[in-house]
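This report refers to the structure that appears directly beneath it.
Number of protein chains: 2
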Amino acid sequence: MRLSPDQAQKIAEDLSLRLERSKTPVPIGVSNRHLHLTQEHWDALFGKGSQPKKYRPTRQPGYYAAEQAVDVEGPKGKIVNVRVVAPHRTKTQVEVSRTDALALGLNPPVRGSGTLTGAAPIKITGPKGSVDVPDALIIAQRHVHFSPAEAAAMKVKDGEFLRVRAGVGGPRETVFEGALARVSDKFALEFHIDTDEANAAWVKNGDLAYIV
Amino acid sequence: MRLSPDQAQKIAEDLSLRLERSKTPVPIGVSNRHLHLTQEHWDALFGKGSQPKKYRPTRQPGYYAAEQAVDVEGPKGKIVNVRVVAPHRTKTQVEVSRTDALALGLNPPVRGSGTLTGAAPIKITGPKGSVDVPDALIIAQRHVHFSPAEAAAMKVKDGEFLRVRAGVGGPRETVFEGALARVSDKFALEFHIDTDEANAAWVKNGDLAYIV
Numbered sequence: 001m002r003l004s005p006d007q008a009q010k011i012a013e014d015l016s017l018r019l020e021r022s023k024t025p026v027p028i029g030v031s032n033r034h035l036h037l038t039q040e041h042w043d044a045l046f047g048k049g050s051q052p053k054k055y056r057p058t059r060q061p062g063y064y065a066a067e068q069a070v071d072v073e074g075p076k077g078k079i080v081n082v083r084v085v086a087p088h089r090t091k092t093q094v095e096v097s098r099t100d101a102l103a104l105g106l107n108p109p110v111r112g113s114g115t116l117t118g119a120a121p122i123k124i125t126g127p128k129g130s131v132d133v134p135d136a137l138i139i140a141q142r143h144v145h146f147s148p149a150e151a152a153a154m155k156v157k158d159g160e161f162l163r164v165r166a167g168v169g170g171p172r173e174t175v176f177e178g179a180l181a182r183v184s185d186k187f188a189l190e191f192h193i194d195t196d197e198a199n200a201a202w203v204k205n206g207d208l209a210y211i212v
Numbered sequence: 213m214r215l216s217p218d219q220a221q222k223i224a225e226d227l228s229l230r231l232e233r234s235k236t237p238v239p240i241g242v243s244n245r246h247l248h249l250t251q252e253h254w255d256a257l258f259g260k261g262s263q264p265k266k267y268r269p270t271r272q273p274g275y276y277a278a279e280q281a282v283d284v285e286g287p288k289g290k291i292v293n294v295r296v297v298a299p300h301r302t303k304t305q306v307e308v309s310r311t312d313a314l315a316l317g318l319n320p321p322v323r324g325s326g327t328l329t330g331a332a333p334i335k336i337t338g339p340k341g342s343v344d345v346p347d348a349l350i351i352a353q354r355h356v357h358f359s360p361a362e363a364a365a366m367k368v369k370d371g372e373f374l375r376v377r378a379g380v381g382g383p384r385e386t387v388f389e390g391a392l393a394r395v396s397d398k399f400a401l402e403f404h405i406d407t408d409e410a411n412a413a414w415v416k417n418g419d420l421a422y423i424v
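Chains as they are written, first to last, in our numbering: chain D, 1 to 212; chain G, 213 to 424.
Written out as structure tokens, the structure is:
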């Protein structure tokens, strides 16, 4: 096979872009199971007038894990103590690992945050009551957060799919394909995976990954 | 950069070998938590004179999952109903996922089967008694089983580390680095991963992977 000058140029540019991007280490954020609530569901679970209390900030500006937690339940099991992330949203969204989903007896789809098409039904119980939400349970799609400046520096566009290498030097080095790029001035550089993905690659919160 | 003819030749040969290998689909075997027992530990847990009863064969010739199961326990938790794989071995070996290990409150290393250096301690309880084994708990190293003929056809040597692509076409395509090649006339072609790895790549038992 003989490449045309145009083909050769395109390959060279792609390799050069990948090489350039891979020089910026991306901190890994491991998402444990958690949920976002609407005001209405919060009121039903914790009581009207009550407020989420800050437990600790997340790396993404403006969000925080609350002290409050709920139980979630499916046909085969229950998981207790699932933490609320605040502030509230316009749709209730429960994010679990596939390991969790199998324990609950549910088969939620992999979805980007905020995309609840085909999400599985889930029962949520708080100290003041329960709600049955028909379309709230998802397994989070692996994704990389960028501020606009970070995205520009790495020539990444919002919605692009990236390949991310993690666990380099450890016993389970892994390349994650199809990591969704999400660019917003509310975001900071971070590669988000769930606990199954983190355990598969033998990485933990704050370890470094590389876009390759 | 200009390659020497020798360097170019080497790269061409490596690419050609990878291309050739990737043409053979490798069935995925997802290992759920399980254990192998010594005769002595079996006797302590199930009673002297009792025998493992075949529940179903594994894909690897000669081994079978037994009907019998045990509970395993660490400082933070207990997992019930962990299945025994027979026939017995010369060392007791308990294989769990990292998700399981964290639930037990233990920090076992990633190890190839039969290599128990640094393995974590674990308490095992059966219907007739309990044993505390100081060095039995591991997290299995991803590996590929080959018969000698399969290894020869794919030019793979025992002990070699392979790169395996899984979940192609699914929502979580993943490339597993450092998969240990294990060649034996007791083996059949299969890529073994644990439940964390299977969930991370969104694959299940019998799905196909590719050595790339």
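Note that the Cβ used here is the ideal one computed from N, Cα and C, for glycine as well. For clarity, every value in this text was computed on a predicted model and none was experimentally measured.
Kindly indicate which residue of the options has the alpha-carbon position closest to the one of residue i.
i	options	result
G/GLY390	G/LYS369, G/LEU257 and G/HIS355	G/HIS355
D/GLY47	D/THR125, D/LEU137, D/ARG33 and D/PRO5	D/THR125
D/LYS155	D/LEU35, D/GLN7 and D/LEU19	D/LEU19
D/ILE138	D/TYR210, D/LEU3 and D/SER31	D/SER31
D/GLU95	D/VAL70, D/ALA136, D/PRO127 and D/TYR64	D/ALA136
D/ARG59	D/GLY206, D/PRO109 and D/GLY77	D/GLY206
D/PRO148	D/ASP132, D/ALA69, D/PHE176 and D/ARG182	D/ARG182
G/PHE399	G/PHE358, G/LEU328 and G/ARG245	G/PHE358
G/ASP397	G/GLN251, G/GLU362, G/GLN221 and G/HIS246	G/GLU362
G/ALA278	G/GLN251, G/ALA298 and G/VAL284	G/ALA298
D/ALA69	D/LYS76, D/VAL84, D/LEU17 and D/TRP202	D/VAL84
G/TRP254	G/ASP370, G/VAL387, G/PRO339 and G/TRP414	G/PRO339
G/GLU285	G/PRO333, G/PRO239 and G/ALA220	G/PRO333
D/THR24	D/GLY159, D/ALA152 and D/VAL203	D/ALA152
G/ARG310	D/ILE211, D/ALA201 and D/VAL212	D/ALA201
D/LEU162	D/LYS91, D/ILE211 and D/GLY114	D/ILE211
G/LEU247	G/LYS369, G/GLU372, G/VAL415 and G/SER325	G/SER325
D/LYS76	D/ALA12, D/LYS123, D/HIS88 and D/THR174	D/LYS123
G/THR302	G/GLU225, G/GLU252, G/ILE223 and G/ASP344	G/GLU252
D/HIS88	D/LEU116, D/THR38 and D/GLY49	D/THR38
D/ASP132	D/TYR64, D/ASP71 and D/LYS10	D/ASP71
G/LYS370	G/VAL387, G/PHE388 and G/LEU392	Rather than Lys, the amino acid found at residue 370 of chain G in this sequence is Asp. Checked all of G/VAL387, G/PHE388 and G/LEU392; the closest Cα to G/ASP370 is G/LEU392.
D/GLU173	D/VAL203, D/ASP14 and D/LEU17	D/VAL203
Would you mind giving the Cβ-Cβ distance between residue i and residue j, rounded to the nearest angstrom? I have them listed as a contact below 8 Å.
i	j	result
D/GLU190	D/GLY62	14 Å between Cβ atoms; not a contact.
G/ALA331	G/ARG323	7 Å
D/PRO171	G/GLN305	About 17 Å; that fails the 8 Å criterion.
D/PRO44	D/GLY129	One point to set straight first is that residue 44 of chain D is Ala, not Pro, in the sequence displayed. Contact holds; Cβ gap of about 5 Å.
D/VAL82	D/ARG33	5 Å
G/ASP408	D/ASP196	5 Å
G/VAL387	D/VAL175	4 Å
Less than 7 Å separating the Cβ of residue i from some heavy atom of the ligand HEM?
i	result
D/ALA120	Absence of the ligand HEM from the depicted structure is noted, as is the absence of any ligand whatsoever, leaving it without description.
Give, in chain order, every unbroken run of the beta strand (DSSP E) that is at least 3 residues long and sits entirely within the stretch 256-311 of chain G. 266-269, 276-285, 290-298 and 305-307
Short-range partners of chain G found in the stretch 138-160 of chain D, where Cβ spacing is below 9 Å: ILE139, GLN141 and ARG142
Note down, in chain order, all residues in the stretch 182-212 of chain D with a beta-carbon under 9 Å from any beta-carbon belonging to chain G. ILE193, ASP194, THR195, ASP196, GLU197, ALA198, ASN199, ALA200, ALA201 and TRP202
Tell me, please, whether the stretch 98-106 of chain D touches the stretch 48-56 of chain D by the rule of three or more beta-carbon pairs shorter than 8 Å. no
Could you list the residues in the stretch 94-125 of chain D with a C-beta less than 7 Å from some C-beta on chain G, going in chain order? SER97, ARG98, THR99 and VAL110
Residues from the stretch 376-395 of chain G in contact with chain D, defined by Cβ distance under 7 Å: PRO383, ARG384, GLU385, THR386, VAL387, PHE388, GLU389 and GLY390
List, from N- to C-terminal side, the beta strand (DSSP E) runs of 3 residues or more that fit wholly inside the stretch 332-394 of chain G. 332-338, 341-352, 355-358 and 373-378
Can you find at least 3 beta carbon pairs, one from the stretch 194-211 of chain D and one from the stretch 161-169 of chain D, that sit closer than 8 Å? yes
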